[in-house]
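Engineer: Under my numbering, read the sequence shown as residues 205 to 519, first letter to last.
Sending over a structure as structure tokens; questions will come in a sec.
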Amino acid sequence: MSLTTIRSPPSLADYTPLPEHQSQTPPSFFDHDKPILHYHGPATKCWLSRSQLGKLPFFPADLVSPPTPPESEALSPEAQSDTAEQNVDVFVNSQNLTLFSPQAESGLTIPYHQISIHAIQKIGGPEEKNKFGSVYLQLELAEGAGGAEEDFETVELTLIPGPKGEQQGEEEVTVGERKPKTETERLFEAISECSNLNPDPVQDGDEDDDGDGAQIIFEGEAVEGFSGVFAGARDGGLPPAMPGSSGWITAENVHEYFDGEGNWIGEGGDGEEGGGWVLSEQLGGGAGTVHRLEEDEGEEMNGVEGDNTKRPKTE
């Protein structure tokens, strides 16, 4: 899913309000008939640099609408002349962030993984009373272009919520000296919550199965259809020992297992006998020997001669 231009205004009926969703147990926590609406902000001011006009459908290249007060009064004259403004309806939902401009009769659905940065920023001078809250967004125009620097193009939006948007959740209760959340904080938190519900998709090459990472290749052939099972040696002996199976691999003995380039070399070098592997000297005599059934017939077993015989029980 990528940035999508829309020409019809979204309706509140297209969404399930968050309080309604929280009051019932859905049949599935992932499949919903309608997206969950976390925040609705009608008539939200949206600012964009004039140098980026034409990159978004509701900011045409010939737009001349300047920023409006009172927030524009906190900008420098240069910043005012470089900023264009549109009023948009904001729908923060569980699937995407939707912005729609009634004036431009167009809008945009934005997947959360294409919002590379979102933050609260203050507009204005050094004095706190002259500052206005806003939500800053940096959008990636091309999906999955993060790895190709030449294709990496972004736009930067500033959202200034109206006096009172519609927070789709429980009303906050002021306790003690705690101040109620501003509309800017509510919008920012709704975007943060929905972003967490939509983690970035895994890109090709992100997995560790491409063979570029460090690997240990065990000697011996794997048995088809079984995981971690290796064929024995050619003479019928045990399969090759796993790394360190005869003791710890430490900084002092790591050269016995790996060469200077980190390749597994086995224990004791290349042996002709035993299928290309040699048991560590730390193993006792007879280790790795496989006794066949015909070799054991007629010999004493637990001190008793004969086939299928057992020591008699004594009181």
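Idealized CB from N, CA, C, for every residue including glycine.
Can you tell me the Cα-Cα spacing of residue 420 and residue 457, whole angstroms?
Structural biologist: Any reading at residue 420 must be qualified, since the residue scores a pLDDT of 47, below 50, and its modelled position is unreliable; the value itself is stated next. Taking the straight line joining both Cα atoms gives about 17 Å.
Engineer: Given a cut-off of 8 Å, decide if residue 287 and residue 264 are closer than it, judged by their beta-carbon atoms.
Structural biologist: Cβ atoms of residue 264 and residue 287: not closer than 8 Å.
Engineer: In the structure shown, what three-state DSSP assignment does residue 267 receive?
Structural biologist: Residue state, collapsed to three classes: coil.
Engineer: Classify residue 275 as buried or exposed, calling it buried when 16 or more other Cβ atoms lie within 10 Å of its own Cβ.
Structural biologist: So residue 275 ends up on the buried side.
Engineer: Which two residues bound the contiguous alpha helix (DSSP H) that contains residue 284?
Structural biologist: It spans 281-285 - the alpha helix (DSSP H) in which residue 284 sits, taken as one unbroken run.
Engineer: Could you tell me the distance, in whole angstroms, from the CA atom of residue 266 to the CA atom of residue 384?
Structural biologist: Each residue's alpha carbon lies about 40 Å from the other.
Engineer: For the alpha helix (DSSP H) containing residue 223, name the first residue and the last one.
Structural biologist: Here the alpha helix (DSSP H) through residue 223 covers 222-226.
Engineer: Rounding to the nearest angstrom, what Cα-Cα distance links residue 279 and residue 221 in this structure?
Structural biologist: Cα to Cα, residue 279 sits roughly 36 Å from residue 221.
Engineer: Given this structure, state the Cα-to-Cα distance separating residue 461 from residue 468, to the nearest angstrom.
Structural biologist: Looking at the two C-alpha atoms, the distance is approximately 6 Å.
Engineer: Kindly list the residues whose CB is nearer than 6 Å to the CB of residue 337, restricted to its own chain and excluding five residues on each side of it in sequence; keep chain order.
Structural biologist: If we look at residue 337 and ignore the five residues flanking it on each side, its Cβ neighbours are 386, 388.
Engineer: Output the distance between the C-alpha atoms of residue 249 and residue 219, rounded to the nearest integer angstrom.
Structural biologist: Using only the alpha carbons, I get a separation of about 22 Å.
Engineer: When you compare only the Cα positions, how much space is there between residue 486 and residue 452?
Structural biologist: Only weak support is given to the placement of residue 486: the predicted model assigns it a pLDDT of 48, under 50, and the value that follows is read from those uncertain coordinates. Approximately 12 Å between the Cα atoms of the pair.
Engineer: Taking residue 399 as part of the alpha helix (DSSP H), name the residues at either end of that continuous run.
Structural biologist: Segment 387-401, the alpha helix (DSSP H) holding residue 399.
Engineer: Give the single residue among 299, 363, 258, 455 whose Cα lies nearest to the Cα of residue 242.
Structural biologist: Nearest option by C-alpha distance: 299.
Engineer: In angstroms with no decimal places, state the Cα-to-Cα distance between residue 317 and residue 207.
Structural biologist: Taking the straight line joining both Cα atoms gives about 10 Å.
Engineer: Would the beta-carbon of residue 199 fall within 8 Å of that of residue 341?
Structural biologist: No statement about residue 199 is possible, as the shown extent of the chain runs from 205 to 519 and does not include it.
Engineer: Looking at the strands, I want to know which residues DSSP matches up with residue 325.
Structural biologist: Bridge partners of residue 325: 338.
Engineer: Quick one: grab the DSSP three-state call for residue 218.
Structural biologist: Correct three-state label for residue 218: helix.
Engineer: According to DSSP, is residue 290 part of a helix, a strand, or is it coil?
Structural biologist: Three-state DSSP puts residue 290 in a strand.
Engineer: According to DSSP, simplified to helix, strand and coil, what is residue 316?
Structural biologist: Reduced to three states, the DSSP call for residue 316 is helix.
Engineer: Hey, would you say residue 301 sits closer than 8 Å to residue 395, going by beta carbons?
Structural biologist: Yes, the pair counts as a contact, with Cβ atoms nearer than the cut-off.
Engineer: Check for me: the beta strand (DSSP E) holding residue 301 runs from which residue to which?
Structural biologist: It spans 301-305 - the beta strand (DSSP E) in which residue 301 sits, taken as one unbroken run.
Engineer: Provide the residue span of the beta strand (DSSP E) that contains residue 253, from first to last.
Structural biologist: From DSSP, the beta strand (DSSP E) with residue 253 extends over 240-253.
Engineer: Would you tell me roughly how many angstroms separate the C-alpha atoms of residue 285 and residue 325, rounded to the nearest one?
Structural biologist: If you take the alpha carbons of residue 285 and residue 325, they lie about 20 Å apart.
Engineer: Quick one: Cα of residue 479 to Cα of residue 464, how far?
Structural biologist: Only weak support exists for where residue 479 lies, its pLDDT of 42 falling under 50; the value from the coordinates is given anyway. Distance between the alpha carbons of residue 479 and residue 464 is about 24 Å.
Engineer: Within a Cβ cutoff of 6 Å, which residues of the same chain sit near residue 216, ignoring the five residues on either side of it in sequence?
Structural biologist: Excluding positions up to five away in sequence, the list is empty.
Engineer: So, helix, strand or coil for residue 275, using DSSP?
Structural biologist: In this structure, residue 275 counts as helix in the three-state DSSP scheme.
Engineer: So residue 210 is in the beta strand (DSSP E); what residue range does that whole segment cover?
Structural biologist: From DSSP, the beta strand (DSSP E) with residue 210 extends over 208-210.
Engineer: Taking the alpha carbon of residue 256 as the reference point, which residue from 238, 358, 247 has its own alpha carbon closest?
Structural biologist: Of 238, 358, 247, the residue nearest in Cα terms is 358.
Engineer: Among residues of its own chain, excluding the 5 on either side of residue 402, which ones have a beta-carbon nearer than 6 Å to its beta-carbon?
Structural biologist: The residues are 316.
Engineer: Short of 7 Å in beta carbon distance, which residues of its chain neighbour residue 328, apart from the five on each side in sequence? Order them along the chain.
Structural biologist: The residues are 278, 334, 335, 336.
Engineer: If you reduce the DSSP assignment to three classes, tell me which class residue 460 lands in.
Structural biologist: Helix, per DSSP.
Engineer: Please classify residue 459 as buried or exposed, where buried requires at least 16 other C-beta atoms within 10 Å of its C-beta.
Structural biologist: Exposed, since its Cβ has fewer than 16 Cβ neighbours within 10 Å.
Engineer: Whose CA, out of 214, 319, 240, lies closest to the CA of residue 226?
Structural biologist: Nearest of 214, 319, 240 to residue 226, Cα basis: 240.
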